[in-house]
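**Student:**
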Amino acid sequence: MSGMTTRHGPAKGIGRWLFSTNHKDIGTMYLVFSLVMFFVGGAMAMVIRSELAIPGLQFVHPEFYNSMTTMHALIMIFGGVMPAFVGLANWMIPLMIGAPDMALPRMNNWSFWILPVAFGILLSTLLMPGGAPAGGWTMYPPLVLQTGDAFPYLIFSIHLMGISSIMGAINVIVTIINMRAPDMTLLKMPMFVWTWLITAYLLIAVMPVLAGAVTMLLTDQFFGTSFFLAAGGGDPVMFQHIFWFFGHPEVYIMILPAFGVVSEIIPTFSRKKLFGHDSMVYAAASIAFLSFIVWAHHMFTVGMPLSGQLFFMFATMLIAVPTGVKVFNWVATMWRGAMTFETPMLFSLAFVFLFTIGGFSGLMLAAAPADIQYHDTYFVVAHFHYVLVPGSIFAIMAAVYYWLPKWTGHMYNETLGKTHFWASTIFVNLTFFPMHFLGLAGMPRRIPDYSTQFTDFNTVASIGAIGFGLSQLIFVLVIVTAWKGSKATDRVWEGSHGLEWTVPSPAPYHTFETPPKARIANEAFE
Amino acid sequence: MIRKSFLSLLAFCFAGTASAEWALNMPKGITDLSVETYNIHMMVFWWCVAIGIVVFGVMIVSLFRHRKSQGVKPATFSHSTSAEVIWTIIPVVILMLIAIPVAETMIKLEDSRDPDISIVVTAYQWKWHYKYQDEGIDFYSSLARPSLEARRKESGIDPNTVDNYLRDVDRPVVVPRDAKVRLLLTSNDVVHSWYVPELAIKKDTIPGIVNEAWFKAKEVGTYRGQCAELCGKDHGYMPIVVEVVEPDAYRAWVDARKESAPKVASNQ
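Chains as they are written, first to last, in the numbering used here: chain R, 208 to 733; chain D, 906 to 1173.
(1) Report the rounded CA-to-CA distance for Q1038 (chain D) versus S1017 (chain D), giving the unit in angstroms.
(2) What does M546 (chain R) touch in chain D if you count any residue whose Cβ is under 8 Å from its own?
(3) Could you have a look at A695 (chain R) and say whether DSSP puts it in helix, strand or coil?
(4) Starting from P597 (chain R), follow its DSSP beta bridges and name the residues at the other end.
(5) In the structure shown, what three-state DSSP assignment does N636 (chain R) receive?
(6) Taking DSSP's pairing of strands, which residues face S1046 (chain D) in a bridge?
(7) Ends of the alpha helix (DSSP H) at V854 (chain D)?
(8) What residues in its chain sit with their C-beta under 7 Å from that of Q631 (chain R), if we drop five residues either side in the sequence?
(9) Contact between the region 424 to 439 of chain R and the region 353 to 373 of chain R: three or more CB pairs below 8 Å?
(10) Rounded to the nearest angstrom, what separates M275 (chain R) and A341 (chain R) at their Cα positions?
(11) Is the shortest distance between the beta-carbon of K479 (chain R) and the beta-carbons of chain D less than 7 Å?
(12) Please list, in chain order, the residues of the region 552 to 567 of chain R that have any C-beta partner in chain D closer than 9 Å.
(13) Whole angstroms is fine: what's the gap from Y1029 (chain D)'s alpha carbon to P269 (chain R)'s?
(14) Assuming T382 (chain R) and M309 (chain R) form a contact by the criterion Cβ under 8 Å, report the distance between their Cβ atoms to the nearest whole angstrom.
(15) Please check if any C-beta of chain D sits within less than 7 Å of the C-beta of F452 (chain R).
(16) Label V538 (chain R) either buried or exposed according to how many other C-beta atoms from any shown protein chain fall within 10 Å of its C-beta, with 16 as the threshold for buried.
(17) Please state the DSSP three-state secondary structure of R1129 (chain D).
(18) Does the beta-carbon distance from M618 (chain R) to G569 (chain R) come in below 7 Å?
(19) Taking only three categories from DSSP, how would you classify T584 (chain R)?
(20) At a CB-CB cut-off below 7 Å, which residues of chain R make contact with W992 (chain D)?
(21) Contact check, P301 (chain R) vs F240 (chain R) under 8 Å by CB: the rounded distance?
(22) Here's the rule: buried if 16 or more other CB atoms are within 10 angstroms of the residue's CB, otherwise exposed. What is W751 (chain R)?
(23) Closer than 7 Å, CB to CB, is L311 (chain R) near chain D or not?
(24) What are the complete beta strand (DSSP E) segments, minimum 3 residues, inside the region 963 to 994 of chain D?
(25) Only counting the same chain, and skipping five residues up and downstream in sequence, which positions put a Cβ closer than 8 Å to that of E1124 (chain D)?
(26) State yes or no: is the beta carbon of G1126 (chain D) nearer than 7 Å to at least one beta carbon in chain R?
(27) Would you say T212 (chain R) lies against chain D (beta-carbon separation less than 7 Å)?
(28) Let me make sure I understand the geometry here. Which of R:M642, R:I633, R:L637, R:D578 has the alpha-carbon closest to that of K1108 (chain D)?
(29) Strictly below 7 Å CB to CB, what residues from chain D border Y347 (chain R)?
(30) Let me know the secondary structure DSSP gives K231 (chain R) once reduced to three states.
(31) Would you be able to state if there are at least three C-beta pairs under 8 Å between the region 1154 to 1166 of chain D and the region 967 to 976 of chain D?
(32) When the Cα atoms are used, what is the spatial distance from I784 (chain R) to T1110 (chain D)?
(33) Just by C-beta distance, which residues in the region 640 to 660 of chain R are closer than 7 Å to chain D?
(34) Spell out a yes or no on whether the region 473 to 482 of chain R and the region 495 to 504 of chain R are touching, meaning 3 or more CB-CB pairs, one atom from each, closer than 8 Å.
(35) Using a Cβ cut-off of 7 Å, pull out every chain D residue sitting near M445 (chain R), in sequence order please.
(36) Quick check: the Cα distance between T235 (chain R) and G440 (chain R), rounded to an integer number of angstroms?
Written out as structure tokens, the structure reads:
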């Protein structure tokens, strides 16, 4: 009843966060949660790389090592990358389309608050008899059924993460379809909004598939079914098919919003419109479609019929075409622009370079006979870390630097930002590039100790990893000092364009309570 | 000039990679198909290098020339249908050039007909079992003793002092040179994967399923690999050693094994 404050400002105390229905507060919580998980998963990566620095077992036992690789993947994928993009979606989609909030604000609160519970459950398995899950994040049966007391907790936490993702995705779709500013037709939407719309459909399509697969694991373990148990007439390979039917779209769920972020940032700092906006939309949609028909390229060694292998190989190679279009369009956006190199631009440029390198190794992996050599070796580890770390995570960092002044109302420390960028870029390559060589030489993934001919590159990778981990402390420093910088203008960047730059910095608690005039939206788009 | 020296540098990096330390490239291997696999790998790699030079080249030129500090005015173009059609079609053509030879090799990989020797490979947590179908020989093959002792945490043994640390077994698989060997692979518990880089074979062993793979080794020698699919705590300790010997030596080995093999083992 205190009038203006309750209607227009945030609630006081913890209640502001617990019961929040505000897209900005929920976005902030998602981003902070993701950062915490990034460090938790990163700490596990440090354990892995410390153990692998030299041959022999120095720090951990093999079973705990397997728990570390398993948990590192689950936490980084479901707790780090995905919530970070949902956080960005929460903050930015309403601002970019001129909507007052997300369409389903109470569900939005739920989507977020399920996550800390899910990860609390997952992390608690570290203390359980039999240890945390150690069968790999892919949870292949029958191995995953050998998990100790942690098993049902693993399944339940994955169910919760799936529910959270599906609710978040529904919210994004409903918001984008129904709440755009007048005159913002679908093809006028900013690329970040577009890529998120496509991502949200992917999430709704595949998260239930994952839920189904892990539920079948649960019933195989506790209720006497044999979906995946050969002894009861089941098929262990069927799980792999179902899992990768989820798993491959999942990797695009983690990269499409990154494409969107980079497609916002490169035009801003090139002072030039995004090249081929519509073809970027079609390319993203093609990638999303193809992601449903390539899953078995993760399974070239399981003994598929030749016709199946050929189909999945050709379909996989096709993905290079729309992905190539995106890269070419980014380069064409820079071409004859007037570029400056603030931190968000630096991260985006590194994204284009290094994601493309991950794309090249992806093309190599698509060639099935060569894949048989690469499969389950460090070559694959190098490939997916290139597309995920200097890919997705660099895009997330670029987005944070790009929009941080809009969130806080102050410019971050550019010197610190650039230091963070250069340290991250150097160390990320030092960590993951040598892994290509290890894989080609035949070092398998997920082993706690290795034959001595693999020592040199492993030592290099471990040094790189420790460096990369420490570099991220600079990122935290940038964020905690973000409120000390000079006052940000509404537009923040000279070349910025789009509705989010028409509201004040920091963005007020409520924005676009009345939809922006079509003219303003149009100008912002131009 | 710069491009040429860059290429020769790369070629140098990827040529002499026989030595184990700092090895950069995939081994060519000792079968016709392993060489074909290597050639496919290099073909796709060089395509990637070529595309990379063009794309990164344009980007780098742009990064230096089209910057605000050079006083340039940004252009205003934002699309070009002809450019977009071109850079959609060119990748499609390149992919077709890649796909055709690759498909030919894949057809050969699947042709396991008319083998000279068939070996049933059964994976266990955490060792391999080999059964020579026509000879009545079978045995388990697990991590060799010196590695087994050194691998323990705080074993006090420096792995560098152990020969073929984690890549040595008590009983290797022995096969004759120039014979077509068919492997029939399955598992007794969880999914494993039989992986020997020099033979270009990696095939999952799956409970309830029998997979096939084949090779014809051209060179005598000892070739090492290990389990490639996560199979539990000792996944890293399941090496594979294949000894390729002359046909005479193989016969002698078979006869010696038959002599020494206890009768009960043939029930396995």
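Don't be surprised by glycine CBs; every beta carbon is placed ideally from N, CA and C.
**Tutor:** The answer reads as follows:
(1) 15 Å
(2) S967, L968, H971, R972, K973
(3) coil
(4) DSSP, once it has assigned bridges, lists no residue as partnering P597 (chain R).
(5) helix
(6) D:W1033
(7) Past the edges of chain D, shown from 906 to 1173, lies residue 854 (chain D), and the structure says nothing about it.
(8) Looking at the sequence shown, residue 631 (chain R) is not Gln but Ser. Excluding sequence neighbours, S631 (chain R) sits near F675, S678.
(9) yes
(10) 7 Å
(11) yes
(12) L556, V559, F560, T563, I564, G566, F567
(13) 17 Å
(14) 5 Å
(15) no
(16) buried
(17) strand
(18) no
(19) strand
(20) G531, V532, F535
(21) Contact doesn't hold; Cβ gap of about 19 Å is too wide.
(22) There is no way to answer for residue 751 (chain R), as the model of chain R reaches only from 208 to 733.
(23) no
(24) none
(25) I935, R1082, V1149
(26) no
(27) Because the pLDDT at T212 (chain R) is just 44, under 50, the model does not fix this residue reliably, and the value given afterwards should be weighed accordingly. So no, T212 (chain R) is outside the interface.
(28) R:D578
(29) V1096
(30) helix
(31) no
(32) A question about residue 784 (chain R) goes unanswered here, because the residues of chain R that appear run from 208 up to 733.
(33) F644, L647, A648, G649, P651, R653, I654, P655, D656, Y657, S658, T659, Q660
(34) no
(35) In chain order: nothing, as chain D lies at least about 11 Å away.
(36) 49 Å
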